[in-house]
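A short worksheet on the structure shown next.
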Amino acid sequence: MLAAERAGADWIHVDVMDGHFVPNLTFGPKMVADLHRATRLPLDVHLMIERPDAWVDRYVDAGASYLTVHVEASRDVPRALQAIRAKGVRPGITLNPETPVEAILPYLAAVDLVLVMSVHPGFGGQPFIESALDKVARLRAALDERTLTAELEVDGGIKPENAARIAAAGATVLVAGSAVYEDPAGPKAALAKFRAALRR
Ligand code: ZN
760 MLAAERAGAD WIHVDVMDGH FVPNLTFGPK MVADLHRATR LPLDVHLMIE
810 RPDAWVDRYV DAGASYLTVH VEASRDVPRA LQAIRAKGVR PGITLNPETP
860 VEAILPYLAA VDLVLVMSVH PGFGGQPFIE SALDKVARLR AALDERTLTA
910 ELEVDGGIKP ENAARIAAAG ATVLVAGSAV YEDPAGPKAA LAKFRAALRR
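Note that our numbering has the sequence shown beginning at 760, numbered continuously upward.
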């Protein structure tokens, strides 16, 4: 069992980086398959890679529950989302901090997850970019207006101190990395701080 699962996490968010779309290299499909064997939690796989379209099948087969592509990286977003859904996996769309919300509005009806990046993708431990809150609020309104039920997830710089504000803006899923793994009190205590902050 993974430490985050033991600590009470709901999902495992997996940042896949290729060293091209972002200047860092992390998990490949093999690592995702290993994680899939190691946990019962849904694997929320975030592809920060060039040409994700060519990799969809491999990450689906590796055991992703959600598979999210960057609007900046996919050559054919509708086709990538359709390919993911056709395999029985939940498709997600995401955008970088400098990309306007308008870029993903056409795809809201085709996804089960909308991911707002609140740091520049590529490295952990960066501060939360405040303008992401406005994006979250606008996407919340766009989803509600069309009675769409996709999850609205935020990724980057999230801590117990800002979690409630992000949820209040309309987010339903919060990704936390360093705030969980680098809390001196351990992941379980860190997640308890998040849950307490979100109950208030
Ligand atoms: Zn991510």
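Virtual Cβ for every residue (Gly too), placed ideally from N, Cα, C.
Owing to the predicted nature of the structure, the values given are computational and were not obtained by experimental measurement.
Close beta carbons around residue i, own chain, < 6 angstroms, minus the five adjacent residues each side
i    : result
K947 : A766
S833 : P811, D812, A839
A722 : Given a span of 760 to 959 for the chain in the structure shown, any question on residue 722 remains unanswerable.
L966 : Residue 966 lies beyond the stretch modelled for the chain, which goes from 760 to 959, so this question has no answer here.
A821 : P788, V791, A792
Bridge partners - residue i, DSSP secondary structure assignment
i    : result
E809 : According to DSSP, which records beta bridges pairwise, E809 is partnered with nothing at all.
D914 : M876, V934
H795 : BP columns for H795 are empty, so no partner.
D774 : H805
Whether residue i touches residue j by CB criterion (8 angstroms)
i    : j    : result
L794 : I771 : yes
T858 : L874 : no
L850 : L826 : Strictly speaking, residue 850 in this sequence is Pro, with Leu absent from that position. Yes, these two residues count as a Cβ contact at 8 angstroms.
A909 : L867 : yes
L933 : A922 : yes
V895 : V913 : yes
A901 : L872 : no
V830 : L806 : no
A891 : P919 : no
V819 : K846 : yes
Cβ-based neighbour list, residue i, same chain, cut-off 8 angstroms, excluding 5 preceding and 5 following
i    : result
E904 : none
Q885 : V878, H879, G915, G916
N855 : H829, E831, M876, H879, P880
Backbone secondary structure at residue i - three-state DSSP
i    : result
V815 : helix
D769 : coil
M790 : helix
L976 : The structure shown has nothing for residue 976, since the chain only spans 760 to 959.
L957 : helix
L784 : strand
L902 : helix
A944 : coil
A909 : coil
A762 : helix
A928 : coil
Beta-carbon proximity list for residue i, same chain, < 7 angstroms, skipping 5 on both sides
i    : result
R899 : L911, A928, G929
L907 : L867, A868
T785 : D774, V775, M776
Q) Taking only runs of the beta strand (DSSP E) that begin and end inside the stretch 817-899, which ones reach a length of at least 3 residues, in chain order? A) Within the stretch 817-899, the complete beta strand (DSSP E) runs of at least 3 residues are 825-829, 849-854, 872-876.
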